[in-house]
Each structure stands twice: as C-alpha cells, then as structure tokens.
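Here's the structure, in structure tokens; my notes come after.
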Ligand SMILES: Cc1ncc(C[n+]2csc(CCOP(=O)(O)OP(=O)(O)O)c2C)c(N)n1
Ligand code: SF4
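Numbering (the numbering used here), first residue to last: 114 to 380.
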C-alpha cells in the first residue's frame, strides 16, 4: 500500500483553510501508517468535533465521528468489543484538553490500547478562534482580546504523568521526526500519544501578528527546543519554565501491559 491510497479522493476538495497544518499532519500520518504495513481494513479511525476531528472523513477506512470531547470513550469501546482492531483517535486541543480532559487522563491511566493523535493549534479553530486550554499565556484569541491570562496545559506532560506508554511531541515543521514517532506510536502496545503542534493561520495566526501561514510555521520552528536541550536549560536555570517555548521530542517510553491484556480479552 502506498501512502496515497489512504486518502479518500471522492471527498476532495477538503474543508481545511489554505496553509492549515492539518494537511502536513495527515501526510506524516499516512506515510507512517503505510510504512508500518498496518492493514487499513483492520483499523478504525475515531474523532471528536473540530477541524482536526474531520481528518477520519478523508481516510479510506472505517471511521466514527463522535461527539465533542468523547472520542477516547468511543474508541475504548471499539477496542474492547473487538480487540483485534487497531484503533486510532484524531483529536484537537479543545476536544482533548478541555471537554475531553477526563477521558484523556483516564485513557492514559488505564493504558488502553489506542493511538491518540492530537493536533494542537492552540485554539478552537472550527468555532471561531476561542481560547483553549493550550493557548500560550498572553496570546490573543476571540475570547481573550486583552491576551490570555491563564497558564496553559502541557498535553504531553499530562499524558506522561497520567501513565501513557508512549508520549511524543513535534510540530508540523519536524516532518521526519514526526513521521518516525507516529510509526513508533502505531506499533506500541497500550496507550500511545502523539501531540502535533500545528499552525492555524485563520484563527490563531492572524490574531497574533502572524498574517500568513508561513509566519506561524516559522514561529513554530523558531520556538521549538529539543527535549534533551530543554532539560539542560532547566538544569542550568537558564529558563526555568521554558515559557513561550515548545519542547519537542520523545518524552516517555514505558512497557506497562496494555489494558486488553490485563483484563484478558487479548493475548
Ligand atoms: C458538547 C459540545 N460543546 C461545544 C461544541 C462546539 N464545538 C465544536 S468544535 C469545538 C472546539 C474545537 O476545537 P479543537 O478541539 O481545538 O479543534 P480544532 O477545530 O482547533 O481543530 C467546539 C467548542 C460541540 N460541538 N459540542
Ligand atoms: S480554522 Fe484553523 S485549524 Fe481549522 S481548517 Fe482553518 S486553519 Fe485549519
């Protein structure tokens, strides 16, 4: 199977804005999926609501477009009903970190066998650019016209703390590393989490002095710090909380037994 075979060409043209990072994220995912030699007839793609939630509708495989914040609950049900299926979730930072936060934390804790891919564009893209749980401090959204006064969640740190087996984060700039990490996540037993920091030029960029998609993309590139380097910075007390930086890399790789094995529905 070539990666292009995964696209549902009958659904073109797609709904994403010009320059949206979701296209890059999808491309990396399709390449990783094809290279992993997984069977698309034995894979189910599940999503919640949002621009990122539309991804499964462009994939030539069975999919389930669920309610806002609940894809992990639906995906867990699918996996338990038919443990032989590979179950992949596509979600956004609003879907996963806000309304779906409890499902996210407890999915990681149970270590249920899912691969969860979160497109973190720092905003509610689909509904008009409202502040999200990951919007960086001080940044502008349609609901924070004076700048965001809340500290953001670090979704990958949450996943590590809650017990996921594999956690990684890259931006849409890091296509090679991202593709490699998605491959790892897809074959990892238990809960694997891939956070993709992505540009939303329409709702996030234009409110934060980044008029073009390219400007947001360059901002992502400039602000990314590799995980090991980030640790050095913390140890050296150069930048204690890395405010405004995006740490990228692999954050955890554990071998806890997957939930379906623990409860005996899968060998
Ligand atoms: C129960 C419920 N509440 C609110 C909404 C409205 N809603 C749809 S998508 C969305 C946010 C999407 O943001 P995110 O998950 O970050 O995805 P993005 O569009 O940025 O990819 C909201 C609040 C809804 N569909 N259902
Ligand atoms: S609103 Fe943002 S996330 Fe949604 S398609 Fe447009 S650029 Fe992408």
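Glycine included, every Cβ here is placed at the ideal spot set by N, Cα and C.
Strand pairing of residue i, partner residues [DSSP]
{"i": "residue 233", "result": "310"}
{"i": "residue 279", "result": "305, 366"}
{"i": "residue 203", "result": "160, 230"}
{"i": "residue 243", "result": "237"}
{"i": "residue 178", "result": "160"}
{"i": "residue 337", "result": "359"}
{"i": "residue 257", "result": "254"}
{"i": "residue 264", "result": "BP columns for residue 264 are empty, so no partner."}
{"i": "residue 286", "result": "Partner(s): none; residue 286 has no beta bridge."}
{"i": "residue 120", "result": "172"}
Counted within 10 angstroms of its Cβ, other Cβ atoms place residue i as buried (16 or more) or exposed
{"i": "residue 250", "result": "exposed"}
{"i": "residue 128", "result": "exposed"}
{"i": "residue 223", "result": "buried"}
{"i": "residue 378", "result": "exposed"}
{"i": "residue 339", "result": "exposed"}
{"i": "residue 188", "result": "buried"}
{"i": "residue 125", "result": "exposed"}
{"i": "residue 131", "result": "exposed"}
{"i": "residue 152", "result": "exposed"}
{"i": "residue 241", "result": "exposed"}
{"i": "residue 313", "result": "buried"}
{"i": "residue 199", "result": "buried"}
{"i": "residue 182", "result": "buried"}
{"i": "residue 236", "result": "buried"}
{"i": "residue 330", "result": "buried"}
{"i": "residue 234", "result": "buried"}
{"i": "residue 324", "result": "exposed"}
{"i": "residue 296", "result": "buried"}
Contact check, residue i vs residue j, beta carbons under 9 Å
{"i": "residue 243", "j": "residue 190", "result": "no"}
{"i": "residue 166", "j": "residue 220", "result": "no"}
{"i": "residue 160", "j": "residue 177", "result": "yes"}
{"i": "residue 398", "j": "residue 280", "result": "Only positions 114 to 380 of the chain appear in the structure, and residue 398 is not among them; the question remains open."}
{"i": "residue 316", "j": "residue 255", "result": "yes"}
{"i": "residue 282", "j": "residue 263", "result": "no"}
{"i": "residue 318", "j": "residue 336", "result": "no"}
{"i": "residue 239", "j": "residue 162", "result": "yes"}
{"i": "residue 185", "j": "residue 164", "result": "no"}
{"i": "residue 274", "j": "residue 367", "result": "no"}
{"i": "residue 265", "j": "residue 246", "result": "yes"}
{"i": "residue 300", "j": "residue 361", "result": "no"}
{"i": "residue 298", "j": "residue 232", "result": "no"}
{"i": "residue 320", "j": "residue 259", "result": "no"}
{"i": "residue 193", "j": "residue 373", "result": "yes"}
{"i": "residue 148", "j": "residue 117", "result": "no"}
Below-9 Å beta-carbon distance, residue i vs any chain D residue
{"i": "residue 364", "result": "Structure shown: chain D not included; a single protein chain is present."}
Item to complete: Please go through the region 140-172 and give each complete beta strand (DSSP E) segment of 3 or more residues, from N-terminal end onward.
Response: 156-160
Worksheet item: Touch check for the region 218-228 and the region 298-310: three-plus C-beta pairs under 8 Å?
Response: yes
Discussion item. Measuring CB atoms only, is the region 132-144 touching the region 152-170, in the sense that at least three cross pairs come out at less than 8 Å?
Written reply: yes
Worksheet entry | Contact the region 261-272 vs the region 285-294: 3+ CB pairs below 8 Å | no
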